[in-house]
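Notes to accompany the following structure.
Written out as structure tokens, the structure is:
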């Protein structure tokens with residue numbers, strides 16, 4: 016384990032984050048609310064420590080191996096969570112440091128669970144920082160899931176190696192930087208497009224930016240107490256529904272259609288499955304809500320589609336209190352939380368492709384029972400899926416459920432009522448945000464005990480970094496030579 | 016598909032069940048409560064139809080292949096459920112035929128979910144029939160899981176081929192009948208032992224028999240409204256705890272220690288894991304209940320151990336209202352419902368060995384990430400587990416969860432409150448009985464809508480017959496040549 020190079024990269028990441036901390040300062044100065052000071056202080060603390068670490072590790076050999084990769088990703092996200100919490104803490108915006116860290120990790124993991132009971136009372140600069148943590152987290156996730164994790168072989172992500180655009184058409188660019196630039200171009204482009212469309216709907220620049228940041232990252236932080244319902248506009252709802260849906264798509268596919276190959280998207284099995292899921296979930300909710308909650312066709316479709324897409328993509332924006340919807344809708348929403356977006360998107364959950372492959376695997380198992388001497392393999396996009404990839408995905412799935420169950424017991428052990436305990440863990444590990452019960456769409460995470468918030472923050476990291484990345488560091492053999 | 020031989024076997028099974036229906040008649044005659052008539056009528060109906068089917072299919076060629084095996088098992092259990100419902104229906108003991116079928120399927124699948132709100136008002140002959148359905152179901156399960164499913168290759172059960180005792184020591188007897196006789200000997204012996212021990216504790220013969228039947232089958236039907244709490248005896252609680260634990264052990268291991276090889280049990284990894292689970296679950300509940308629910312050491316241990324073992328083995332007997340226990344206990348109990356007993360026992364759930372192998376698989380996946388060039392395989396009892404077996408188990412696990420999720424949506428769609436909807440499905444597919452919410456330990460299944468009862472009865476069959484056996488019949492290619 017080349018620990019020096021790990022620290023070197025971490026130092027560079029902290030310096031980068033310190034620069035990002037300067038971005039909301041102009042807003043603070045314009046508003047004159049005094050919150051430029053916490054942001055600046057956080058930037059200075061970051062720069063100081065990042066600089067020191069970088070200085071002492073400057074001689075590190077630049078060979079990043081397998082293990083170093085796991086360490087950089089997990090520690091990087093953790094450090095971002097810690098440094099990103101400083102502005103909230105310095106500004107006294109959160110009651111405790113734990114709350115600040117929770118909010119920051121919730122941001123960088125694009126979860127969107129909040130401990131703020133009154134978002135509208137926060138200074139705009141902090142709201143921008145909050146949205147920015149999600150947007151930066153989303154950027155990180157795209158590169159992580161399309162370039163880094165496939166190389167590390169985590170949980171079947173190697174399946175998507177070929178999907179990543181690079182200088183050489185359909186093959187993985189050996190240089191992560193090139194890949195990253197192309198994907199980020201798409202990400203920035205879609206963000207700008209959403210900002211423009213929201214502003215055309217009468218949303219002001221500041222709120223358009225914040226919501227576009229939170230949408231593209233499938234984060235879900237809003238600048239309104241009532242989330243997107245606060246705009247009370249069908250146009251805004253539909254724009255955000257569209258962009259949530261786009262944010263849940265593999266960004267390599269976005270790159271393809273922007274590069275003039277629009278059909279590639281529809282040839283992709285994961286995308287077709289994802290689109291079908293969004294559509295079916297919308298229709299099921301529409302069916303159950305019909306007459307029971309909404310009378311008008313347009314209203315019902317608008318709210319059902321928004322909620323289905325918001326939860327499937329793990330964004331977590333709200334336009335309705337789905338705890339008042341029929342019970343079947345609630346259970347369907349919880350199941351959607353497990354599925355999440357496409358691999359290579361900013362969406363969380365177990366990912367559509369994994370669920371799709373598990374379903375195919377189960378079907379093949381059934382087929383084999385009836386045809387004991389037959390041969391049939393699991394395929395994706397017409398190509399057989401390597402056995403190791405499938406095994407890896409099945410292992411991921413088992414770990415995902417085991418972590419959910421284990422964390423739920425811990426939460427309940429802290430005295431939290433069972434539905435809230437289970438829902439908060441599902442919503443955290445899936446990076447959704449709102450759950451059910453005490454953490455439902457009209458509630459927030461403020462009332463949970465401090466230890467519980469730390470458990471959930473850990474769950475967010477677990478889910479966001481595809482479990483293996485984090486758990487590898489806790490594996491007894493990891494640090495041994 | 017040799018459908019004739021399937022019907023021939025079904026006809027023989029119905030005839031066998033008709034004989035079993037005569038067993039409670041002496042009790043009815045002694046009590047003079049008039050319920051001999053429904054039992055006799057049910058036996059005659061069964062004998063009539065069984066005879067007709069057998070007569071018309073007498074010329075069937077006796078070759079039972081793979082597909083015929085699936086059909087016999089699934090249809091056999093279904094037909095038992097239907098014929099076994101007749102006494103309740105003819106005696107007007109249940110409000111509807113659906114309720115009678117629910118109760119009967121709950122019996123034969125050893126689930127123990129009941130629609131009777133006042134069991135103590137039922138005639139003793141019907142209570143005996145109710146206990147007998149569980150006991151016969153348990154007999155069926157042992158042979159199914161240790162002799163039939165391994166041959167059919169269902170969900171990794173082929174792993175237990177070598178475990179089955181037979182005339183030739185450790186090898187699978189080619190004749191299922193010999194294997195069955197040996198295992199049933201153990202089953203009957205343990206039942207008699209429990210009857211004797213319960214009677215020594217002052218329980219009368221009738222109730223001892225009924226509870227021993229329900230214990231060995233890990234069924235959970237009681238003759239008391241308050242379940243085992245009705246005896247209010249620490250001795251009875253501990254005897255039943257012991258026998259529930261024994262009923263959750265692979266019966267091939269019981270055969271080994273009775274045949275003079277007591278150490279074989281402790282060398283068995285699944286048994287060690289099962290015993291550890293029972294112990295840990297007891298201690299965790301003991302810890303949380305300490306001071307919060309029970310003050311005395313002995314009382315706390317007695318109630319905690321009983322509930323942990325009752326749920327882990329999927330028996331479902333109750334001595335306490337665990338919905339009043341701390342939240343962590345409740346979530347732990349729900350997780351235990353997924354695990355269940357050992358393969359080859361009468362317990363339900365996903366089985367300890369499957370969960371154990373899934374955990375090992377996930378660990379190996381993690382190891383492989385850190386050692387990308389290393390080779391390591393999943394082992395059980397020191398032997399590497401064949402890849403196909405592991406795949407089959409992972410497919411089983413995925414299907415188990417998919418069926419649970421799907422059925423929960425259907426239940427919620429019928430207007431049942433989410434916690435009750437989810438818990439009723441988990442408790443049915445795992446063959447436990449009591450769940451949470453509206454189907455908690457102090458409630459019953461009477462109030463559920465008729466369609467919901469049929470959905471749950473189907474879930475019981477699904478879980479009991481290890482999913483694949485039932486789902487194979489629904490697979491489009493199954494009935495094709």
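Residue numbers (the numbering used here), protein chains in the order written: chain U, 16 to 496; chain V, 16 to 496.
Here a beta-carbon is modelled for each residue, glycine too, at the ideal position from N, C-alpha and C.
Do residue i and residue j have their CB atoms nearer than 8 Å?
{"i": "residue 465 of chain V", "j": "residue 111 of chain V", "result": "yes"}
{"i": "residue 442 of chain V", "j": "residue 146 of chain V", "result": "no"}
{"i": "residue 434 of chain U", "j": "residue 349 of chain V", "result": "no"}
{"i": "residue 108 of chain V", "j": "residue 141 of chain V", "result": "yes"}
{"i": "residue 484 of chain U", "j": "residue 169 of chain U", "result": "yes"}
{"i": "residue 62 of chain V", "j": "residue 150 of chain V", "result": "no"}
{"i": "residue 121 of chain V", "j": "residue 99 of chain V", "result": "no"}
{"i": "residue 36 of chain U", "j": "residue 43 of chain U", "result": "no"}
{"i": "residue 251 of chain V", "j": "residue 357 of chain V", "result": "no"}
{"i": "residue 439 of chain V", "j": "residue 426 of chain V", "result": "yes"}
{"i": "residue 293 of chain U", "j": "residue 323 of chain U", "result": "yes"}
{"i": "residue 446 of chain V", "j": "residue 113 of chain V", "result": "no"}
{"i": "residue 412 of chain U", "j": "residue 373 of chain U", "result": "yes"}
{"i": "residue 85 of chain V", "j": "residue 167 of chain V", "result": "yes"}
{"i": "residue 143 of chain U", "j": "residue 95 of chain U", "result": "no"}
Have a look at residue i and residue j and give me their C-alpha separation to the nearest angstrom.
{"i": "residue 397 of chain V", "j": "residue 391 of chain V", "result": "13 Å"}
{"i": "residue 195 of chain V", "j": "residue 478 of chain V", "result": "22 Å"}
{"i": "residue 16 of chain V", "j": "residue 403 of chain U", "result": "35 Å"}
{"i": "residue 274 of chain U", "j": "residue 101 of chain U", "result": "40 Å"}
{"i": "residue 377 of chain U", "j": "residue 297 of chain U", "result": "26 Å"}
{"i": "residue 279 of chain V", "j": "residue 386 of chain U", "result": "35 Å"}
{"i": "residue 340 of chain V", "j": "residue 31 of chain U", "result": "50 Å"}
{"i": "residue 461 of chain U", "j": "residue 239 of chain U", "result": "16 Å"}
{"i": "residue 436 of chain V", "j": "residue 470 of chain V", "result": "11 Å"}
{"i": "residue 285 of chain V", "j": "residue 299 of chain V", "result": "21 Å"}
{"i": "residue 165 of chain U", "j": "residue 305 of chain V", "result": "48 Å"}
{"i": "residue 237 of chain V", "j": "residue 154 of chain V", "result": "19 Å"}
{"i": "residue 316 of chain V", "j": "residue 444 of chain V", "result": "29 Å"}
{"i": "residue 458 of chain U", "j": "residue 468 of chain U", "result": "15 Å"}
{"i": "residue 104 of chain V", "j": "residue 115 of chain V", "result": "6 Å"}
{"i": "residue 49 of chain V", "j": "residue 56 of chain V", "result": "12 Å"}
{"i": "residue 45 of chain V", "j": "residue 204 of chain V", "result": "27 Å"}
{"i": "residue 158 of chain U", "j": "residue 262 of chain V", "result": "52 Å"}
{"i": "residue 288 of chain V", "j": "residue 209 of chain V", "result": "25 Å"}
{"i": "residue 319 of chain V", "j": "residue 401 of chain U", "result": "46 Å"}
{"i": "residue 182 of chain U", "j": "residue 197 of chain U", "result": "Because residue 182 of chain U sits at a pLDDT of 40, beneath the cut-off of 50, its placement in the model cannot be relied upon, and the point is left open."}
{"i": "residue 257 of chain U", "j": "residue 230 of chain U", "result": "10 Å"}
{"i": "residue 351 of chain U", "j": "residue 327 of chain U", "result": "5 Å"}
Over the uninterrupted alpha helix (DSSP H) stretch that includes residue i, give me the two end residues.
{"i": "residue 101 of chain U", "result": "81-105"}
{"i": "residue 73 of chain V", "result": "Taken as a continuous stretch (DSSP letters only), residue 73 of chain V belongs to no alpha helix (DSSP H), as it is neither H nor E."}
{"i": "residue 250 of chain U", "result": "249-262"}
{"i": "residue 22 of chain U", "result": "18-37"}
{"i": "residue 40 of chain V", "result": "40-46"}
{"i": "residue 314 of chain V", "result": "312-327"}
Taking Cβ positions only, does residue i come closer than 8 Å to chain V?
{"i": "residue 301 of chain U", "result": "no"}
{"i": "residue 173 of chain U", "result": "no"}
{"i": "residue 447 of chain U", "result": "no"}
Under 8 Å, Cβ to Cβ, is there at least one residue of chain U near residue i?
{"i": "residue 321 of chain V", "result": "no"}
{"i": "residue 165 of chain V", "result": "no"}
{"i": "residue 214 of chain V", "result": "no"}
{"i": "residue 381 of chain V", "result": "yes"}
{"i": "residue 342 of chain V", "result": "yes"}
{"i": "residue 387 of chain V", "result": "yes"}
{"i": "residue 406 of chain V", "result": "yes"}
{"i": "residue 392 of chain V", "result": "no"}
Using a threshold of 7 Å, is the CB atom of residue i nearer than that to any non-hydrogen atom of the ligand NAP?
{"i": "residue 32 of chain U", "result": "Among the components of this structure there are no ligands whatsoever, and the ligand NAP is therefore not found."}
Stretch-stretch touch, CB-based, cutoff 8 Å, three pairs: the region 354-365 of chain V with the region 447-454 of chain U: Counting Cβ pairs under 8 Å, fewer than three are found: no touch.
Segment contact flag, the region 84-98 of chain U with the region 24-31 of chain U, C-beta cutoff 8 Å, min 3 pairs: The answer is yes - the region 24-31 of chain U touches the region 84-98 of chain U, with three or more Cβ pairs under 8 Å.
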